[in-house]
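The opening position of the sequence shown corresponds to residue 11 in my numbering, with each subsequent residue numbered one higher. Taking it in order: structure first as structure tokens, then the write-up.
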Amino acid sequence: MTGKLDLDPALVARARELARRAGRPVVDLARSHTTVSVERAVLRLAGVTGADPDGIPWVNRLVDAVVADVGLGHGVAAPVFDALAREGLTDVSLLAQKAAAGSVRFEVPSGRAATAARRAARRAVAAGVRVIDRRRVERERLVRRYGDPRQRPWIYLIVATGDIYEDIPQAQAAARAGADVIAVIRSTGQSLLDYVPEGATREGFAGTYATQENFRLMRAALDSSSRELGRYVRLTNYASGLCMPEMATLAGLERLDMMLNDSMYGILFRDINPIRTFVDQRFSRQVHARAGIIINTGEDNYLTTADAVDEAHTVTVSQLLNEFFAHEAGLADWQLGLGHAFEINPDVPESFRLELAHALLARELFPEAPLKWMPPTKHMTGDVFRGNLLDGFFNLVGTMTGQGILLVGMMTEAVVTPWLSDRDIALQNVRYVLGAAGGLHEDFVPAPGGFIQQRAHRVLGEAVELLERIGEQSLLTAIAEGTFGIMRRPADRGKGLDGVARHEADYYNPATEILEAVPAGAGAAVVSEGVARA
Numbered sequence: 011m012t013g014k015l016d017l018d019p020a021l022v023a024r025a026r027e028l029a030r031r032a033g034r035p036v037v038d039l040a041r042s043h044t045t046v047s048v049e050r051a052v053l054r055l056a057g058v059t060g061a062d063p064d065g066i067p068w069v070n071r072l073v074d075a076v077v078a079d080v081g082l083g084h085g086v087a088a089p090v091f092d093a094l095a096r097e098g099l100t101d102v103s104l105l106a107q108k109a110a111a112g113s114v115r116f117e118v119p120s121g122r123a124a125t126a127a128r129r130a131a132r133r134a135v136a137a138g139v140r141v142i143d144r145r146r147v148e149r150e151r152l153v154r155r156y157g158d159p160r161q162r163p164w165i166y167l168i169v170a171t172g173d174i175y176e177d178i179p180q181a182q183a184a185a186r187a188g189a190d191v192i193a194v195i196r197s198t199g200q201s202l203l204d205y206v207p208e209g210a211t212r213e214g215f216a217g218t219y220a221t222q223e224n225f226r227l228m229r230a231a232l233d234s235s236s237r238e239l240g241r242y243v244r245l246t247n248y249a250s251g252l253c254m255p256e257m258a259t260l261a262g263l264e265r266l267d268m269m270l271n272d273s274m275y276g277i278l279f280r281d282i283n284p285i286r287t288f289v290d291q292r293f294s295r296q297v298h299a300r301a302g303i304i305i306n307t308g309e310d311n312y313l314t315t316a317d318a319v320d321e322a323h324t325v326t327v328s329q330l331l332n333e334f335f336a337h338e339a340g341l342a343d344w345q346l347g348l349g350h351a352f353e354i355n356p357d358v359p360e361s362f363r364l365e366l367a368h369a370l371l372a373r374e375l376f377p378e379a380p381l382k383w384m385p386p387t388k389h390m391t392g393d394v395f396r397g398n399l400l401d402g403f404f405n406l407v408g409t410m411t412g413q414g415i416l417l418v419g420m421m422t423e424a425v426v427t428p429w430l431s432d433r434d435i436a437l438q439n440v441r442y443v444l445g446a447a448g449g450l451h452e453d454f455v456p457a458p459g460g461f462i463q464q465r466a467h468r469v470l471g472e473a474v475e476l477l478e479r480i481g482e483q484s485l486l487t488a489i490a491e492g493t494f495g496i497m498r499r500p501a502d503r504g505k506g507l508d509g510v511a512r513h514e515a516d517y518y519n520p521a522t523e524i525l526e527a528v529p530a531g532a533g534a535a536v537v538s539e540g541v542a543r544a
């Protein structure tokens, strides 16, 4: 089956093989390194919670103390649980407090002490993984009880007041107005914090801080909305930046349903070190796979800095790479919310047909993935009437090409943080298009050999050429040379590099050991069994 675009199956297979070759060295790098955030995520699974009087999480204090004594390359699990036994303690959070006070010294255990420490660490981390397993089963039960939205794409709406207690009523109002997925955007700059704030927060700027307590509060509110509306309302947040593994872990523990998860966003737009974030991405995606969370990738961001026509093939390349990285980490196709966007300059001739070609190419390359289709932002001018029309065209492309997740565009984009009234008008736009043309993808077939097919073939061909060039050098070199989003990000620079270490010969990570024991793409039945045996 070649689909509506009559793509060459051999060329598609070639593209995937080239993506695998380009991605494999990065996976090997991730498998041989760790980061402070990976190790903090391990300890969070083992039960470390809370923060000191200055708001610094105890898990940061504990990892910092271990690193100061023995370095990072051994992993923190064995030194921590060895110290726990030597101190005669059972509470890892209490050990963290003692370490912060300087009253505990850490060492790398050997012999019987190492065996005992590893056994105790695995037992503690497995308890955290069992919580994630139970939350996944809980989600599946609620979806069966309340049902999924009747239509696709799912309607995805952002809430961002800065105050979790203001976000909640706005999110519930949005769900009543038709939103299927609520995304709580993070406070500006949180991706550059090398710790996760603690507790409920009310002081975010252009977004609300992502914390475990904020996750819990919003999930409980949307569960109430699910009961009220008779459909399961999903919750999204961000596993990106310097704390990807921890965010993924907290999302699994609190039953979030989607997470923005793509290292390239942090590399390109936050200048986070590429090695740091690729290591973090692999671990976080392993957690997402276990938790049954759908990831959203950030290819749409490239088109905010690069031209959406000239650089369309870089989006396709990134999607193919993200598919490889996701599968390698254990994610199934239904969890791959690969990103792309409606960002061509409206003044370009045939811009709508070009958007159709790009969106349909993504749909046919990844037929089982719930693609995340992003609205126009770059070319919004402040003319709200023109903006609403552009959003209508965006919504139309979404339904014509069978997208899975549609982020609601705002006519006030780039003017103000949207008011409730703005969201209501935007949702009216979506509801009209989906109601009037929700099944149009069944009828829409581009002309054989016509403009749309030719454009899609050209983009795929350019993507293959770029993947071949990347294979001749390396993905890290391509990123350093500004291939994606025109940002140049060398592998030996960027924020967070000092938090990376190569594995020592005795490196131990019980979380990775447990997560990799579940087959890639494991279904609900396997995970449900894992509740009992993790």
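Even glycine gets a Cβ: it sits at the ideal position worked out from N, Cα and C. Treat the numbers as computed from the prediction; the structure is a model and nothing was measured.
At the C-beta level, residue 383 and residue 330 stay beyond 8 Å of one another. Counting only residues of its own chain and dropping the five nearest sequence neighbours on each side, residue 301 has a CB closer than 6 Å to the CB of 142, 146, 262. DSSP places residue 512 within a strand segment (E or B) once states are collapsed to three. Counting C-beta atoms within 10 angstroms of its own C-beta, residue 215 has fewer than 16 neighbours from the protein chains shown and is therefore classed as exposed.
Inter-residue distance for residue 458 and residue 409 is about 21 Å (C-alpha atoms, whole angstroms).
Around the beta carbon of residue 47, 16 or more other beta carbons sit within 10 angstroms, so the residue counts as buried.
About 16 Å separates the Cβ atoms of residue 268 and residue 291, ruling out a contact at the 8 Å cut-off. Residue 245 and residue 192 do touch by the CB rule: their CB atoms are close to 6 Å apart, below 8 Å. Nearest to residue 474 by C-alpha distance, out of 361, 434, 295, 327, is 327.
Cβ atoms of residue 362 and residue 385 stay farther apart than 8 Å, at about 14 Å. The beta-bridge partner set that DSSP reports for residue 80 is empty. Less than 8 Å separates the beta-carbon of residue 347 from that of residue 414. Counting along the chain, residue 44 sits inside the beta strand (DSSP E) bounded by residues 43-45. A distance below 8 Å separates the beta carbons of residue 102 and residue 57. DSSP places residue 171 in the coil class of the three-state scheme, outside both helix and strand. Residue 514 places its beta carbon 8 Å or farther from that of residue 132. In this structure residue 379 touches residue 343 by the C-beta definition: roughly 5 Å separates them, less than 8 Å. Contact check between the stretch 112-120 and the stretch 86-100: three or more CB pairs, one atom from each, fall below 8 Å, which counts as touching. Looking at the DSSP output, residue 166 shares a beta bridge with 191, 417. By the Cβ neighbour-count rule, residue 113 is exposed, with fewer than 16 other Cβ atoms within 10 Å of its own. Going by beta carbons, residue 332 and residue 307 fall inside the 8 Å limit. Of the candidates 460, 520, 488, 497, 460 places its Cα closest to the Cα of residue 14.
Residue burial is scored here from C-beta neighbours: residue 496 has fewer than 16 other C-beta atoms within 10 angstroms and is therefore classed as exposed. Minimum Cα-Cα distance from residue 174 among the listed residues 210, 163, 494 corresponds to 210. Distance check between residue 176 and each of 198, 218, 160 places 218 closest, using alpha-carbon atoms only. Per DSSP, reduced to three states, the secondary structure at residue 524 is helical. Residue state for residue 121 is assigned as helix, using DSSP reduced to three classes.
A direct Cα-to-Cα measurement between residue 189 and residue 166 gives close to 6 Å. Taking C-beta atoms as the reference points, residue 503 and residue 42 fail to come closer than 8 Å. The stretch 378-443 contains, as complete beta strand (DSSP E) runs of 3+ residues, the segments 382-384, 415-417 (chain order).
The beta-carbon separation of residue 37 and residue 338, rounded to 5 Å, stays under the 8 Å limit for a contact. Residue pairing by DSSP places residue 67 opposite 61 in a beta bridge.
Residue 221 carries a coil assignment under DSSP once its states are collapsed to helix, strand and coil.
Burial state of residue 429 is exposed, judged by a 10 Å Cβ sphere holding fewer than 16 other Cβ atoms. The beta carbons of residue 282 and residue 252 sit closer together than 8 Å. The C-alpha of residue 200 lies about 11 Å from the C-alpha of residue 249.
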